[in-house]
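Contents: one structure, followed by commentary.
In my numbering, the protein residues as written are 101 to 345.
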């Protein structure tokens, strides 16, 4: 059972297109055009073209491409802001807001032509954002699932609460969890492929694989192919095995 996955995109449209090109090259070798591509969430924020990323993904899904677009914490913050300008994500520290430069929300709004969002009156910014963010982009975010289980592999944005049945996991953990998941070396049943915690490169930890390679901070955007529980990173030269540390 083959699946493809792409790490945290964060508004990097050019890197997303290149990741899909690497997947297309691997598909051609395998003669497999049906295996799904799971986008691990955090589609938006920090990078220069979140609007372009959402348009690329929404268009592909509408065209029937076998793509699954998971929700990340940054995607939830965008949706929350569009619904209510006073929205504060429960996973975010109280002193921060989505428009804080550390979070990158203003960069997302700028990609839609909503400029200087961090310095203008909030109601004005909110009204303009609701006008300029296409309904198709909002639908993509609203319908994005929290996880995808395929064979022996679970795809999720941040991780899972160890020891809790998948059906009982809560959204805040799936989008935000770090230490309790990252520090747990137990087998989770399925191999967990996730993002959210940026590393210098995709890394296999045995029970989980972190594919957030820091595209938000100038790093590359990782694409992997998974067959059973075996994982390869896709490079311009082909597959590179990701072996457990």
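Virtual Cβ for every residue (Gly too), placed ideally from N, Cα, C.
What you are looking at is a predicted structure, and each value in this text was computed from that prediction instead of being measured.
Task: For residue 340, the three-state DSSP class (helix, strand or coil) - done: strand
Open item on the list: Since residue 170 and residue 262 should fall inside the 8 Å C-beta cutoff, what is the C-beta to C-beta distance between them, to a whole number of angstroms?
Closed with: That pair is no contact at about 20 Å.
TODO: Would you mind reading off the limits of the beta strand (DSSP E) that contains residue 138?
DONE: 137-139
TODO: Counting only runs of 3+ residues fully inside the stretch 209-294, write out the beta strand (DSSP E) ranges in chain order.
DONE: 247-250, 253-256, 291-294
Task: Burial state of residue 344, where buried means 16 or more other Cβ atoms lie within 10 Å - done: Flag for residue 344 reads exposed.
Open item on the list: Are the CB atoms of residue 157 and residue 167 within a distance shorter than 8 Å?
Closed with: yes
Task: Same chain, Cβ closer than 7 Å to residue 149, five either side skipped, listed in chain order - done: 111, 113, 211
Open item on the list: Cutting at 6 Å between CB atoms, please list the residues of its own chain near residue 319, excluding the five before and the five after it.
Closed with: 313
Open item on the list: Check whether the stretch 219-232 and the stretch 182-200 touch, using three or more Cβ-Cβ pairs below 8 Å as the test.
Closed with: yes
- [ ] Can you tell me which of the three DSSP states residue 123 falls into?
- [x] helix
Open item on the list: Just to confirm before moving on: does the CB-CB distance between residue 247 and residue 254 stay below 8 Å?
Closed with: yes
Task: Best match in 102, 104, 109, 101 for proximity to residue 297 [C-alpha to C-alpha] - done: 109
Open item on the list: Considering only DSSP beta bridges, list what residue 187 is partnered with.
Closed with: Beta-bridge pairing links residue 187 to no other residue.
Task: Whether residue 144 touches residue 178 by CB criterion (8 Å) - done: The answer is yes: Cβ separation under 8 Å.
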